[in-house]
Amino acid sequence: MAYISYLRMVVVLWLGIATFYCSPVQSQDSFKELEKYIVSQVIENKIPGIACCVVKENRMIWSGAYGWANIEKGIPMSIDGIMNIASISKTFTATAVMQLWEKEEIRLDTDINLYLPFPVRNPHHPELPITVSQLLTHTSSIVDGDYYDASYSDGDPLISLEDWVTGYLVPGGQFYNEKQNFSKTAPGFEHEYSNVGFGLLGYLVERISGMPFNEYCRVHIQEPLGMKQSGWFIHEIDSSKHITPYEFTAQENQPLELYSFPNYPDGLLRTSVRELSYFLLAIMNGGKCNQVRILEKSTLKEMLQPLVETEDGQGLCWHQIVFEDLWGHSGGDPGVATFMYFNPRTRIGVITFQNNHKGDMFSVVRKLYTVADNL
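Here the numbering used here is used: the first residue of the sequence shown is 1, the next is one more, and so on.
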């Protein structure tokens, strides 16, 4: 089965759909050479499918899709296929928080307990507050314990965001474990990536706005940008367009059920390459895309600057790949690997989706950016 599947994949890859939005022959030739590289990477790493695009200044200049969105049904990959984009979702959560900050409804350096109906403290340092800024920069000292990994389930989340956050962060809660859920380092003193911290940010958005987090994002981010096919829950999207995630085991790609987790603001936005490009264009262009503004230019300047010393620069959610001067976010979950990066100076951005978690596809991001930068 594996050998036959990959013979079929080779055919589909070489018949992959690529669209050029820029006319010069030289640019088309450059992207055609790049396509050969993408195909080789997909075959070598046995990736079912990959979809990607390049945006420059205020428009998409190239897109490509190769392989399968669903191997068993023979559905080709497409830039309109929907996929959970994993941790790239955090950039939407951060956008929601900063929209509230612009309205002066939340302050970044204030104790989060000012906005919560229950107190949250690191039990190892109960005298020290945790701030919104610390949550956005992964320095809150809230960490991902075993209960986080165990919270994945098929279908939509089994419990609400509020029940999850309360159960995880409040002493006596169903998921509370002071040794696993909190670092021994005090808040603000160490960078440790925290998915749960972004679940808490999503809950803060709910408390302050009075809207469910998914609804807030739909009304204030997704719909204004034209992201009409996107949603946070399976029941919100057309599941027939959902790209199937695969786990590579026993030398084959095994399909996974569509899954979720209650801490969903950290990684469960379901969208397409095309619709995600609208969001990236807005970020690249000072918070505005197609005459729709989701953030002020000055707000993005606050977000896109290194605030925490890490191997790469850590801003408010967004991180910087310093040696390439790219800002963005990546995402990884079972059967999912995603990248979204851009250069604020050149206003060139790249998005890639793949539906398993094999290979180093950041090499594709680099090459896509380099080709676009040399046009």
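Each residue gets a CB set at the ideal place from its N, CA and C atoms; glycine is no exception.
- Scanning the stretch 205-270 from its first residue to its last, the whole alpha helix (DSSP H) runs of 4-plus residues come out as 213-217.
- Taken in chain order, the complete beta strand (DSSP E) segments of 3 or more residues contained in the stretch 302-364 are 319-321, 326-333, 336-343, 348-354.
- In this structure T249 is exposed. Its beta-carbon is surrounded by fewer than 16 other beta-carbon atoms within 10 angstroms.
- By the Cβ neighbour-count rule, A150 is exposed, with fewer than 16 other Cβ atoms within 10 Å of its own.
- For E162, same chain residues with a beta-carbon under 8 Å away, outside a window of 5 residues either side, are Y203, E206 in chain order.
- Contact annotation, V336 with P224: C-beta distance approximately 26 Å; criterion of less than 8 Å not satisfied.
- Three or more pairs of CB atoms, one per stretch, sit closer than 8 Å, so the stretch 126-138 contacts the stretch 181-201.
- Note on geometry: alpha-carbon atoms of L100 and G64 lie some 36 Å from one another.
- In the DSSP assignment, the residues bridged to P76 are W68.
- One thing to note: Q314 has its Cβ no nearer than 8 Å to the Cβ of E275.
- For I50, the uninterrupted beta strand (DSSP E) segment begins and ends at 49-56.
- Residues of the same chain with a CB within less than 7 Å of the CB of P126, apart from the 5 flanking positions on each side, do not exist.
- DSSP, read as helix, strand or coil, puts K288 in strand.
- By the neighbour-count definition (other C-beta atoms within 10 Å, threshold 16), Y193 is an exposed residue.
- In this structure the stretch 289-297 does not lie against the stretch 363-375, because fewer than three pairs of beta carbons, one per stretch, are closer than 8 Å.
- Taking a contact as a CB-CB distance under 8 Å, the pair M77 and Y66 counts as one, their CB atoms being some 6 Å apart.
- Distance check between P265 and each of V165, H242, L281 places V165 closest, using alpha-carbon atoms only.
- Judged by DSSP secondary structure, A86 falls outside any alpha helix (DSSP H); it is assigned neither H nor E.
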